[in-house]
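Residue numbers (the numbering used here): 247 to 325.
Ideal Cβ placement from N, Cα and C applies to all residues, glycine included.
Quick caveat: nothing in here was measured; it's all calculated off a predicted structure.
Just below is one structure, and these are the notes that go with it.
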């Protein structure tokens with residue numbers, strides 16, 4: 247069984263031996279954070295980097311109820 251990726255790394259030979267060339271890191275949340283298993287997981291933050299640069303993206307989820315209808319979901323990306 248496969249899970250959600252949290253960390254990835256790419257390594258290669260460099261001038262000082264084997265070096266990490268690039269990496270990713272991802273953080274998740276879910277509807278009920280008290281559960282011991284994943285239920286509707288969503289990314290909340292991701293980072294990507296290499297030997298000189300790092301990029302970070304955060305995601306904010308807002309839940310609304312209107313006219314007794316099921317909650318609508320929206321996401322906002324901050325770059």
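Check, Outcome
"Answer yes or no: do residue 285 and residue 278 have a C-beta to C-beta separation smaller than 7 Å?", "yes"
"For residue 294, I'd like the list of residues in its chain whose CB is within less than 6 Å of its CB, leaving aside the five on either flank, ordered along the chain.", "270, 301"
"Just grab the DSSP bridge partners of residue 277 for me.", "In DSSP, residue 277 forms no bridge with anything."
"How long is the line joining the alpha carbons of residue 268 and residue 297, rounded to whole angstroms?", "7 Å"
"Report the option in 273, 282, 287 whose CA atom is closest to the CA atom of residue 304.", "273"
"How many angstroms separate the CA atom of residue 262 from the CA atom of residue 249?", "34 Å"
"Shortest alpha-carbon distance to residue 289 belongs to which of 281, 282, 307?", "307"
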